[in-house]
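The opening residue of the sequence shown carries number 31 in this note's numbering; numbering runs sequentially from there. For each residue, glycine too, the CB sits at the ideal point set by N, CA and C. All values derive from a computational prediction rather than experimental measurement. Everything on this sheet refers to the single structure shown next.
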Amino acid sequence: METESTFRDESINRDDTAPAPHSDEAAHQGEETRIVPSFLSRGATTEAPDDEPADEHSDSMSQFISRTMATVSEAQPDGDDSFLRAPRTFAEVGLSKAFLTDLTLKIMHYSGTPSMAQLAKRLGLAGDIVSQILEALTEERLIVVLSQSDLYTGNYRYRLSEKGQTHVLEALERSRYAGPAPVTAEQYSSVMQKLFEEKQEVSRHEITEAVKDLVLTSDVSDAVARALFSGKTSLFYGPSGNGKSVILESFSKALAGISYVPFAIYAYGQVIRVFDPSIHVPLDDDSDPETKKRPDLDGRWVKVRRPAIVLGAEMDRSALDLGYDPQAGFYQAPAHIKAQNGVLVVDDFGRQRVTTTDLLTRWLIPLERGWDSLSLVTGEKLTIPFRLQLLFGTNARVREVADDALLRRILYKVRIPSPDRANFGEILRRECRAKAVPVEDDAIEYVIEKLFDEQARKPRASHARDLVTILIESAAFDGASAVLSRESFDKAIALFITNDEETEDYDD
Numbered sequence: 031m032e033t034e035s036t037f038r039d040e041s042i043n044r045d046d047t048a049p050a051p052h053s054d055e056a057a058h059q060g061e062e063t064r065i066v067p068s069f070l071s072r073g074a075t076t077e078a079p080d081d082e083p084a085d086e087h088s089d090s091m092s093q094f095i096s097r098t099m100a101t102v103s104e105a106q107p108d109g110d111d112s113f114l115r116a117p118r119t120f121a122e123v124g125l126s127k128a129f130l131t132d133l134t135l136k137i138m139h140y141s142g143t144p145s146m147a148q149l150a151k152r153l154g155l156a157g158d159i160v161s162q163i164l165e166a167l168t169e170e171r172l173i174v175v176l177s178q179s180d181l182y183t184g185n186y187r188y189r190l191s192e193k194g195q196t197h198v199l200e201a202l203e204r205s206r207y208a209g210p211a212p213v214t215a216e217q218y219s220s221v222m223q224k225l226f227e228e229k230q231e232v233s234r235h236e237i238t239e240a241v242k243d244l245v246l247t248s249d250v251s252d253a254v255a256r257a258l259f260s261g262k263t264s265l266f267y268g269p270s271g272n273g274k275s276v277i278l279e280s281f282s283k284a285l286a287g288i289s290y291v292p293f294a295i296y297a298y299g300q301v302i303r304v305f306d307p308s309i310h311v312p313l314d315d316d317s318d319p320e321t322k323k324r325p326d327l328d329g330r331w332v333k334v335r336r337p338a339i340v341l342g343a344e345m346d347r348s349a350l351d352l353g354y355d356p357q358a359g360f361y362q363a364p365a366h367i368k369a370q371n372g373v374l375v376v377d378d379f380g381r382q383r384v385t386t387t388d389l390l391t392r393w394l395i396p397l398e399r400g401w402d403s404l405s406l407v408t409g410e411k412l413t414i415p416f417r418l419q420l421l422f423g424t425n426a427r428v429r430e431v432a433d434d435a436l437l438r439r440i441l442y443k444v445r446i447p448s449p450d451r452a453n454f455g456e457i458l459r460r461e462c463r464a465k466a467v468p469v470e471d472d473a474i475e476y477v478i479e480k481l482f483d484e485q486a487r488k489p490r491a492s493h494a495r496d497l498v499t500i501l502i503e504s505a506a507f508d509g510a511s512a513v514l515s516r517e518s519f520d521k522a523i524a525l526f527i528t529n530d531e532e533t534e535d536y537d538d
């Protein structure tokens, strides 16, 4: 049988006999070594679809969406997932005998006495392939066959032998990864290229969800819709408190469509974990026949909702590259790789613990050329296809976060301004309605006059929420019902604003 002879008589050199991390030999080899996948040799090097000209006669957001989405189907791939067909031979799996031996023994070490079916599920490999692995491990006296499972005729259970226990401890010293079998770097690149070819348009629902709770002028709404619909890198800027974060977070939560993520990637004898349950939302549900994972598809991949990741001010430079854990002996993929074929949001742009120039350079240039290069601690570089939608939100002045060369690479730049008088009045009405606060007849007009005519700084959209919150809490303190009136507003605004002209001396 082909699978048996391939596994037992494998002549391919074991990748994980490569020099250990941090060794001098590894560092020397890393200077010369790079995986160059076939997608580069074929010339598929950049996403860069032609920029669409802007419509000179902009309508409101809803008109724009209706007009555009009339010709756009739902955001789903074309349904052809044959490129994810399960490997039928060890050659198609692409992993060495030594690696598969170690991985199987580690899974058994943590699983107790699994059956072949359980091992196949945990490895993500076909049963006939796992059967050949187990047969070889049995012959090498690394595992012991126990009894027949009660569930399936011929489905035996296995445990580690004494020799196997010794072997697995040595394997765990090299790497503690004990998840599903990884895909090779070449396999990952091939699948990503296929996914990128099936461009998934943003739906009306996704854009509507991003702005449904905001009160924006028609031109701002239209600009937001066009930027989100484009699928390209966009910068949302303007004073704080006017909805940038709401737009970006709501859009990321509403993002629909399908993608595929591998549990891990294997390159240069190293494992890079990609699937992250805190980020990726699986769409396969074995308890539901409609969404049950097909057995003919590669179990090393997870069908997920298109990923959307939101990063904030806590981000530092380490988030830009592979993260190596020397104790575990494997890598974590950075956020931009976990977000492949989806959306990566950077909120509070300019407040990260990494310079804006370094951050933009790290992502914009690889996006422009269509591939990214990841460095391992041993010096090798892994080159893979790279495509996602980058969205930035900042309160800073645009020229403070990027120079002209980098700004040129951000195609869409949308200003989210503070609300005008009419829009602030509507925001305040909505806030009072949402929190069941009655409004006296002339209260809204009084608030607008006070805020727009008597305050030195123009109010932000968030001020309505903050003032109503103070009003409610002040009424509770007084033992009264909250009502928006001239008097209650005056109390609230006095507690809300600061007096920059104050010159009173304070005692030490």
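> If you draw a straight line from the C-alpha of P144 to the C-alpha of R330, how long is it?
Replying inline: 19 Å
> Hey, how far is the Cα of K488 from the Cα of S270?
Replying inline: 12 Å
> Which class does P396 belong to by DSSP, given the choice of helix, strand or coil?
Replying inline: helix
> In chain order, which continuous runs of the alpha helix (DSSP H) of length 4 or greater are located wholly inside the segment 350-431?
Replying inline: 365-368, 386-399, 428-431
>> Which residue wins for smallest C-alpha separation from D377, given the options I277, A257, L125?
In response: I277
>> If I measure Cβ to Cβ from Q93 and keep anything under 7 Å in the same chain, skipping five residues before and after, which residues do I get?
In response: Low confidence applies to Q93: its pLDDT is 48, below 50, so where it sits in the model is not reliable enough to give any reading.
>> Using a Cβ distance threshold of 8 Å, determine whether the segment 138-152 contacts the segment 202-212, with at least three qualifying pairs required.
In response: yes
> Can you give the Cα-Cα distance for A512 and K323, rounded to whole angstroms?
Replying inline: 54 Å
> Mind checking F507: buried by the 16 CB within 10 Å criterion, or exposed?
Replying inline: exposed
> Pairing CB atoms from the segment 374-388 with CB atoms from the segment 224-238, are three or more of them under 8 Å?
Replying inline: The segment 374-388, when compared against the segment 224-238, does not touch it at the 8 Å Cβ threshold.
> Roughly how far, in whole angstroms, is the beta-carbon of A147 from the beta-carbon of N185, given that I think they are within contact range, below 8 Å?
Replying inline: A147 to N185, Cβ: 6 Å. Contact.
> Which of the three DSSP states, helix, strand or coil, is assigned to Y207?
Replying inline: coil
> With distances taken from CA atoms, which of L172, K333, T413 is nearest L114?
Replying inline: If you compare the alpha carbons of L172, K333, T413 with that of L114, the shortest gap goes to K333.
>> Spatial neighbours of V6 within its chain, please: C-beta separation below 6 Å, excluding the five flanking residues on both sides.
In response: Shown here, the chain extends from 31 to 538; a query on residue 6 therefore has no answer.
>> Rounding to the nearest angstrom, what Cα-Cα distance links S504 and A522 in this structure?
In response: 8 Å
> Leaving out the 5 sequence neighbours to the left and right, which residues in its chain are closer than 6 Å to V311 when beta-carbon positions are compared?
Replying inline: Cβ neighbours of V311 beyond the five flanking positions: V334, R335.
> So V467 and L501 are in contact, right, with Cβ under 8 Å, and what is the actual spacing, rounded?
Replying inline: About 7 Å separates the beta carbons of V467 and L501, which is inside the 8 Å limit, making them a contact pair.
> Can you name the start and end residues of the beta strand (DSSP E) that R187 belongs to?
Replying inline: 186-190
> Looking at the unbroken alpha helix (DSSP H) that takes in Y296, where does it start and where does it end?
Replying inline: Looking at the DSSP string, Y296 is not in any alpha helix (DSSP H); the run it does join, the beta strand (DSSP E), is 294-297.
>> Beta-carbon within less than 7 Å of S96's beta-carbon, same chain only, minus the 5 sequence neighbours each way: which residues are those?
In response: With a pLDDT of only 45 at S96, under 50, the local geometry of the prediction cannot be trusted, and no value is derived from it.
>> Pop quiz: R303 and A363 are said to be a contact at Cβ under 8 Å. What is the actual Cβ separation, rounded to whole angstroms?
In response: Right, the Cβ-Cβ distance comes to about 7 Å (below 8 Å), so this counts as a contact.
> Which residues mark the beginning and the end of the alpha helix (DSSP H) in which V469 is found?
Replying inline: Note, V469: premise wrong, no alpha helix (DSSP H); not H, not E.
> Among all the DSSP beta bridges, which residues are the ones paired with Q224?
Replying inline: It should be noted that the sequence gives Lys, not Gln, for residue 224. Answer is none; K224 lacks a bridge partner.
> With distances taken from CA atoms, which of L244, D434, K411 is nearest E461?
Replying inline: L244
>> So, with DSSP's three-state summary, where would you put S92?
In response: Confidence at S92 is low in this model, with a pLDDT of 47, below 50, so the placement of that residue should be treated as unreliable; the coordinate-derived value is given next. Reduced to three states, the DSSP call for S92 is helix.
>> Measuring alpha carbon to alpha carbon, tell me which residue in K193, M222, G268, V431 is nearest A491.
In response: The shortest CA-to-CA distance from A491 to any of K193, M222, G268, V431 is the one to G268.
> Using DSSP with H/G/I as helix, E/B as strand and the rest coil, what is K6?
Replying inline: Here the chain covers residues 31 to 538 and nothing more, so residue 6 does not appear.
> Q195 by DSSP, collapsed to three states: which one?
Replying inline: helix
> With respect to the beta strand (DSSP E) encompassing L341, which residues constitute its N-terminal and C-terminal limits?
Replying inline: 338-341
> What residues in its chain sit with their C-beta under 6 Å from that of V174, if we drop five residues either side in the sequence?
Replying inline: R189, S191
> What are the start and end residues of the beta strand (DSSP E) that includes S264?
Replying inline: 264-267
> According to DSSP, is I546 helix, strand or coil?
Replying inline: Residue 546 is absent from the model: the chain starts at 31 and stops at 538.
> For D346, which of helix, strand or coil comes out of DSSP?
Replying inline: strand
> If you follow the alpha helix (DSSP H) that T148 is part of, which residue opens it and which one closes it?
Replying inline: Residue 148 is actually Gln in this sequence, not Thr. In this chain, the alpha helix (DSSP H) harbouring Q148 covers 146-153.
> Could you give the C-beta distance for D306 and K224, rounded to a whole number, given that I count them as a contact under 8 Å?
Replying inline: Actually they are not in contact, since the Cβ atoms of D306 and K224 sit about 22 Å apart, beyond 8 Å.
>> Since F266 and I446 should fall inside the 8 Å C-beta cutoff, what is the C-beta to C-beta distance between them, to a whole number of angstroms?
In response: Right, the Cβ-Cβ distance comes to about 6 Å (below 8 Å), so this counts as a contact.
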